[in-house]
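*Asks:* Got a structure for you, questions after.
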Amino acid sequence: MEAQDKKITDMISALSRIAHADGKITDEETEILESVQINVLLYDQALSDALEDGIIDSNEKDLLNSLKIRILDEAWDIAKVSEGVSDDELKILEVILRKLNGEEEV
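Quick look at the structure:
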């Protein structure tokens with residue numbers, strides 16, 4: 515599970531770097547980061563539960579996939595609240611999508 519913890523930490527760090535790239539983190543960016551962190555922890559717990567017996571069955575797989583979608587959906591919903599989605603928010607969303615698809619390089 516240590517590898518999974520590192521993936522979570524890496525994802526949050528990458529998102530924080532992107533959000534802070536312009537020297538400031540807006541309230542919406544902060545909200546996105548907090549939402550992602552909470553949802554990734556929920557995903558991690560569901561993954562841990564699913565791996566307890568060493569097998570991820572179809573119901574567990576569906577749950578994990580829906581949690582991944584939830585991470586991105588909630589981030590998108592937060593980003594589009596005010597005056598549209600900023601370039602920084604788009605970059606954050608792109609990183610979330612890449613990380614959720616297992617792409618390591620961001």
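Here the sequence shown stands for residues 515 to 620, numbered as in the numbering used here. In this text, a Cβ means the ideal position worked out from N, Cα and C, and glycines have one as well. All values reported here derive from a predicted model rather than from experimental measurement.
Asp541 by DSSP, collapsed to three states: which one?
*Replies:* helix
*Asks:* Going by C-alpha distance, which of Ile606, Thr544, His534, Glu542 is nearest Leu586?
*Replies:* Ile606
*Asks:* What would DSSP say about Glu603, mapped onto helix, strand or coil?
*Replies:* When secondary structure is reduced to three states using DSSP, Glu603 falls in the helix class.
*Asks:* Give me, in chain order, the residues of the same chain whose beta-carbon lies closer than 7 Å to that of Val599; leave out the 5 immediate sequence neighbours on both sides.
*Replies:* Cβ within range, chain order: Ala593.
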